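Asker: Below is one structure. I have some questions about it.
2 protein chains.
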Amino acid sequence: MKENRSVEKTNVVEKFKGITDYWNPRVVGELNGQMVKLVKLKGEFVWHHHESEDELFFVVWGRLRIEFRDKHVSLEGGEFVVVPRGVDHRPVAEEEAHVLLFEPASTLNTGNVRNERTREKLEKI
Amino acid sequence: MKENRSVEKTNVVEKFKGITDYWNPRVVGELNGQMVKLVKLKGEFVWHHHESEDELFFVVWGRLRIEFRDKHVSLEGGEFVVVPRGVDHRPVAEEEAHVLLFEPASTLNTGNVRNERTREKLEKI
């Protein structure tokens, strides 16, 4: 049996206090090749999709609209949605929103698009 | 690009209202071979470990203590912990706790142990 001294809890609200910019996901956990990320959102993101990765958006605080080509989903605190791989989407937050992401370690925030909003290397906090 | 009409949000608090038993995880989402599960906990579970799966416990409401062989971690709402594969653990909730689990689709609730608390087939809600 492995030792477990490295098992430490993470307080999501406390972690969010340390994030002062938008659209810049931080890594707060990793398991089974997947990452737990926290990100503050405000405004409109870019349309994109992830070729081979499903992506979970869980709203911790605030409101988030995820636009699809033919519909949209409006999320409040305590609500989540899974965006399947290959599906074009655009996150939009009219006001600041605090969002937990769950997705493969390999997922790029802008998916198939690379531009000034792309974050190649994520900070762990 | 794939169609996305099947993308629907999930309200975690609403889902918990439909769960009336303890230690019986329900599946509320699936992505990348991983499952999002909701479970109400109360009392002590069995000591177990998962041979090849890391497991995330996120407390939505209440308090949860995860005991390890040489320490324990106490979680409140908004806190999570990742229990690495191979590590013996025992969840204990003195009072009712509402917990979101994130783990591979293959994960058995009692890990390496099979007894009357094992849930072989999980309901999707």
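Those sequence lines, one after another, are chains A and B. Each residue of the first sequence is one higher than the one before, counting from 64 in my numbering. Each residue of the second sequence is one higher than the one before, counting from 64 in my numbering. Positions of the beta carbon are idealized from the N, C-alpha and C atoms, including for glycine. Owing to the predicted nature of the structure, the values given are computational and were not obtained by experimental measurement.
List the whole-angstrom C-beta distance separating residue 130/A from residue 153/A, where the pair is believed to meet the contact cut-off of C-beta under 8 Å.
Answerer: Working through the first sequence from its first residue, we reach residue 130/A at position 67. Working through the first sequence from its first residue, we reach residue 153/A at position 90. Confirmed, Cβ separation roughly 4 Å.
Asker: Quick one: list the residues of chain A neighbouring residue 73/B, beta-carbon separation under 8 Å, in chain order.
Answerer: Translated into the one-based positions of the second sequence, residue 73/B becomes position 10. Simply 142, 143, 144.
Asker: Which chain A residues sit within Cβ distance under 7 Å of residue 38/B?
Answerer: Past the edges of chain B, shown from 64 to 188, lies residue 38/B, and the structure says nothing about it.
Asker: Strictly under 8 Å for the Cβ-Cβ distance: is residue 154/B near chain A by that measure?
Answerer: Position 91 of the second sequence, counted from the first residue, corresponds to residue 154/B. Not closer than 8 Å to any Cβ of chain A, the Cβ of residue 154/B fails to qualify, so no.
Asker: Our contact map puts residue 121/B next to residue 163/B with C-beta atoms below 8 Å; I'd like the distance itself, whole angstroms only.
Answerer: Position 58 of the second sequence, counted from the first residue, corresponds to residue 121/B. Position 100 of the second sequence, counted from the first residue, corresponds to residue 163/B. Yes, they are in contact, since the Cβ atoms of residue 121/B and residue 163/B sit about 4 Å apart, within 8 Å.
Asker: Cβ closer than 8 Å: which chain B residues qualify as neighbours of residue 174/A?
Answerer: In the first sequence, residue 174/A corresponds to position 111, counting from 1. None at all; the shortest Cβ gap to chain B is about 12 Å.
Asker: Mind pulling the chain A residues with CB within less than 7 Å of residue 84/B?
Answerer: As a position in the second sequence, residue 84/B is number 21, starting the count at 1. Under the 7 Å cutoff, chain A gives no residues; its nearest Cβ is about 21 Å from residue 84/B.
Asker: Considering only C-alpha positions, which residue in the set 75/B, 84/B, 86/B is nearest to residue 92/B?
Answerer: One-based indexing of the second sequence puts residue 92/B at position 29. Selected option, being the one with the closest Cα: 75/B.
Asker: Please state whether the Cβ-Cβ distance between residue 186/A and residue 126/A is less than 8 Å.
Answerer: Along the first sequence, read from residue 1 onward, the residue named residue 186/A stands at position 123. Along the first sequence, read from residue 1 onward, the residue named residue 126/A stands at position 63. No, the pair does not count as a contact, with Cβ atoms beyond the cut-off.
Asker: Going by alpha carbons, who is nearest to residue 156/B out of 77/B, 105/B, 85/B?
Answerer: Sequence index remark: in the second sequence, residue 156/B carries index 93 (1-based). The candidate whose alpha carbon is nearest that of residue 156/B is 105/B.
Asker: Label residue 83/B either buried or exposed according to how many other C-beta atoms from any shown protein chain fall within 10 Å of its C-beta, with 16 as the threshold for buried.
Answerer: Walking along the second sequence from the start, residue 83/B turns up at place 20. Exposed: under 16 other Cβ atoms inside 10 Å.
Asker: Between the alpha carbons of residue 117/B and residue 138/B, how many angstroms are there, rounded?
Answerer: To locate residue 117/B, count along the second sequence from 1; it is residue 54. To locate residue 138/B, count along the second sequence from 1; it is residue 75. So the alpha carbons of these two residues sit roughly 18 Å apart.
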